[in-house]
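K.L.:
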Amino acid sequence: MTTSAPRHEPVPDPRALLTELGERVLEREGIPMFLALQVPARDNEQARADAEGEELAGLLRHYRGALVPEAPDDSEPALIEVLQVMGAAHLTPQAPTAQKDETRR
1 MTTSAPRHEP
11 VPDPRALLTE
21 LGERVLEREG
31 IPMFLALQVP
41 ARDNEQARAD
51 AEGEELAGLL
61 RHYRGALVPE
71 APDDSEPALI
81 EVLQVMGAAH
91 LTPQAPTAQK
101 DETRR
């Protein structure tokens, strides 16, 4: 398995991004969402998918620690905050990492 440079870097101030997201008018602009389709993958594709999954899981842990370190593991409000930052920073076409990925193609 080959390793590559991380595709997703954490945003420097997740609390500021969360505040900015709270000021948006989502009933007018919509809520960013993503869809994951799973198809049988070849071994090398699976290895890449596993590596990216590990990287994204690491980001989730990072944002949870930065935003809500005191929250219990099953805290739904904490999960919502973490997913808002994760979605805006990494999973939308406007995200800095998405724009960086486009330049690689």
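First residue of the sequence shown? That's 1 in this note's numbering, and the numbers climb one at a time after it.
Don't be surprised by glycine CBs; every beta carbon is placed ideally from N, CA and C.
Note that the structure is a prediction, hence the values are computed from the model and not measured.
Provide the residue span of the alpha helix (DSSP H) that contains Gln84, from first to last.
P.N.:
Glu76 to His90
K.L.:
Would Val68 and Glu81 qualify as a contact pair, given that the criterion is a beta-carbon distance under 8 Å?
P.N.:
yes
K.L.:
Spatial neighbours of Gly65 within its chain, please: C-beta separation below 6 Å, excluding the five flanking residues on both sides.
P.N.:
Nothing listed; no residue qualifies.
K.L.:
Using C-beta distances below 7 Å, list every residue in its chain close to Gln94, excluding the 5 sequence neighbours before and after it, in chain order.
P.N.:
none
K.L.:
Taking Cβ to Cβ, would you say Gln84 is nearer than 8 Å to Leu26?
P.N.:
Between Gln84 and Leu26, the C-beta gap is not smaller than 8 Å, which leaves the two residues out of contact.
K.L.:
Would you give the residue range spanned by the alpha helix (DSSP H) that Pro14 belongs to?
P.N.:
Pro14 to Gly22
K.L.:
Just the C-alpha distance for Ala78 and Pro72, rounded to the nearest angstrom, thanks.
P.N.:
Cα to Cα, Ala78 sits roughly 8 Å from Pro72.
K.L.:
Assuming Pro10 and Leu59 form a contact by the criterion Cβ under 8 Å, report the distance between their Cβ atoms to the nearest whole angstrom.
P.N.:
Contact between Pro10 and Leu59 holds, with the beta-carbon distance rounding to 6 Å and staying under 8 Å.
K.L.:
By how many angstroms is the C-alpha of Thr19 removed from the C-alpha of Arg61?
P.N.:
19 Å
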